[in-house]
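Chains as they are written, first to last, in my numbering: chain Z, 4 to 151; chain G, 4 to 151. Ideal placement from N, C-alpha and C gives every residue a C-beta, glycine not left out. Computed from a predicted structure; not experimentally measured. Contents: one structure, followed by commentary.
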DNA sequence: TTAAGTTAAATTGTGCACAATAGAATTGCA
DNA sequence: TGCAATTCTATTGTGCACAATTTAACTTAA
């Protein structure tokens with residue numbers, strides 16, 4: 004194979020990662036008006052979702068579940084605490100560990116959040132097959148990048 | 004169809020958008036060490052790429068190309084100007100318009116950047132088919148979310 | 001021709017992300 | 001037992017993203 008004249012690899016339309024980045028930003032913008040009714044940001048919504056499922060969790064466990072560290076989580080959790088949605092308590096067994104749990108208000112918020120996933124599915128206007136394929140692609144990329 | 008017992012839609016593993024969000028974050032982390040050699044952030048790299056392709060462009064055109072507004076771009080462009088990679092000049096025809104162009108150093112940086120796309124492809128460890136499918140899914144989602 | 005509008009960029013303020021570091025508690029091992 | 005290493009969280013500083021607003025320049029229409 005002879006290498007024929009070839010345009011640069013450094014063009015925006017060839018950048019897979021830029022598509023990913025732009026789609027992720029657009030996703031965040033699409034969530035914003037829906038989550039404003041709950042007075043949550045997207046990441047706060049994700050954290051609440053983990054707590055709705057597991058009820059209680061420390062910062063490290065939470066961080067490994069959502070792939071973020073205390074630098075991001077600590078201030079976010081303080082904001083959720085200020086809103087009265089969670090409690091932050093040091094573990095008695097190990098004073099280093101900060102245990103996060105839901106307040107009653109935090110638990111109640113789940114009912115209001117139930118309609119969010121469907122509203123987003125509407126906005127996405129994609130078939131379930133397309134969405135599943137997209138999720139699998141993202142999960143594979145995430146796994147590959149994290150295993151290096 | 005009877006609706007049988009059903010678990011909540013509000014679990015992390017069902018969230019397509021969370022996969023997208025996590026993959027996008029992981030992508031940014033993977034780029035970081037590669038771009039550190041160029042002293043660029045990921046978004047700065049994207050802006051430079053647009054300029055390597057088009058040489059000159061105003062803030063509005065740039066913003067519509069990369070789906071960001073002046074609130075994000077103005078400080079970023081000032082940082083690129085401080086690094087000596089771009090010039091910022093008001094248009095003579097329309098004083099509202101800020102025209103961005105490459106300096107010689109900015110143009111030269113392209114050579115160093117040529118190896119970045121391949122390094123990222125290695126890190127992704129995905130087949131071209133998988134990557135193309137992922138890009139198409141992201142582009143479709145972006146288009147659908149922006150058309151509302 | 002001027003007042004109302006539109007447009008382009010900048011500014012302000014909030015909330016992530018993340019690297020780097022610090023500080024305190026716990027563990028492990030000589 | 002004591003101290004070095006590790007672990008967990010918090011802190012600091014930089015750079016996005018984005019909504020909301022402001023400022024200045026341009027356009028339009030009465």
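Do residue j and residue i come within 8 angstroms of each other at the CB atom, strictly closer than that value?
{"i": "residue 19(G)", "j": "residue 59(G)", "result": "no"}
{"i": "residue 57(G)", "j": "residue 45(G)", "result": "no"}
{"i": "residue 65(Z)", "j": "residue 76(Z)", "result": "yes"}
{"i": "residue 128(G)", "j": "residue 147(Z)", "result": "yes"}
{"i": "residue 140(G)", "j": "residue 31(Z)", "result": "no"}
{"i": "residue 12(Z)", "j": "residue 36(G)", "result": "no"}
{"i": "residue 26(Z)", "j": "residue 23(G)", "result": "yes"}
{"i": "residue 149(G)", "j": "residue 29(Z)", "result": "yes"}
{"i": "residue 41(G)", "j": "residue 116(G)", "result": "yes"}
{"i": "residue 143(G)", "j": "residue 133(Z)", "result": "yes"}
{"i": "residue 98(G)", "j": "residue 91(G)", "result": "no"}
{"i": "residue 151(Z)", "j": "residue 138(G)", "result": "no"}
Whole-angstrom Cβ separation of residue i and residue j, contact assumed at under 8 angstroms?
{"i": "residue 15(G)", "j": "residue 51(Z)", "result": "Contact doesn't hold; Cβ gap of about 11 angstroms is too wide."}
Using three-state DSSP, classify residue i as helix, strand or coil.
{"i": "residue 18(G)", "result": "coil"}
{"i": "residue 144(G)", "result": "helix"}
{"i": "residue 59(G)", "result": "strand"}
{"i": "residue 91(G)", "result": "strand"}
{"i": "residue 104(Z)", "result": "strand"}
{"i": "residue 115(Z)", "result": "helix"}
{"i": "residue 132(G)", "result": "helix"}
{"i": "residue 41(G)", "result": "coil"}
{"i": "residue 150(G)", "result": "coil"}
{"i": "residue 23(G)", "result": "helix"}
{"i": "residue 67(G)", "result": "helix"}
{"i": "residue 46(G)", "result": "helix"}
{"i": "residue 84(Z)", "result": "helix"}
{"i": "residue 11(G)", "result": "coil"}
{"i": "residue 3(Z)", "result": "Lying before the first or after the last residue shown, residue 3(Z) is absent from chain Z, which here runs from 4 to 151."}
Say whether chain G places a C-beta atom closer than 8 angstroms to the C-beta of residue i.
{"i": "residue 40(Z)", "result": "no"}
{"i": "residue 36(Z)", "result": "no"}
{"i": "residue 14(Z)", "result": "yes"}
{"i": "residue 78(Z)", "result": "no"}
{"i": "residue 136(Z)", "result": "yes"}
{"i": "residue 127(Z)", "result": "yes"}
{"i": "residue 22(Z)", "result": "yes"}
{"i": "residue 6(Z)", "result": "Confidence is the limiting factor: at residue 6(Z) the pLDDT is only 45, short of 50, which leaves the residue's position unreliable, though a coordinate-based value still follows. By this cut-off, residue 6(Z) is not an interface position."}
{"i": "residue 122(Z)", "result": "no"}
Return no unless some Cβ of chain Z is closer than 8 angstroms to the Cβ of residue i.
{"i": "residue 106(G)", "result": "no"}
{"i": "residue 142(G)", "result": "yes"}
{"i": "residue 19(G)", "result": "yes"}
{"i": "residue 112(G)", "result": "no"}
{"i": "residue 56(G)", "result": "yes"}
{"i": "residue 151(G)", "result": "yes"}
{"i": "residue 88(G)", "result": "no"}
{"i": "residue 73(G)", "result": "no"}
{"i": "residue 47(G)", "result": "no"}
In chain G, what lies closer than 9 angstroms to residue i by C-beta?
{"i": "residue 59(Z)", "result": "Ordered by position in chain G, no residue passes the 9 angstroms Cβ test against residue 59(Z), which lies about 16 angstroms from the chain."}
{"i": "residue 117(Z)", "result": "11, 12, 13"}
Just to make sure I have the definition right: I need the residues of chain Z whose C-beta is within less than 8 angstroms of the C-beta of residue i. Which are they?
{"i": "residue 68(G)", "result": "15"}
{"i": "residue 53(G)", "result": "15"}
{"i": "residue 92(G)", "result": "None at all; the shortest Cβ gap to chain Z is about 23 angstroms."}
Taking C-beta pairs closer than 7 angstroms, name the residues in chain G that residue i reaches, listed in chain order.
{"i": "residue 33(Z)", "result": "148"}
Residue i touches chain Z at which residues, Cβ-Cβ below 7 angstroms?
{"i": "residue 103(G)", "result": "Per Cβ cutoff of 7 angstroms: no residues; residue 103(G) is ~15 angstroms from chain Z at best."}
Can you pull the chain G residues whose beta carbon is under 8 angstroms from the beta carbon of residue i, in chain order?
{"i": "residue 29(Z)", "result": "70, 144, 145, 148, 149"}
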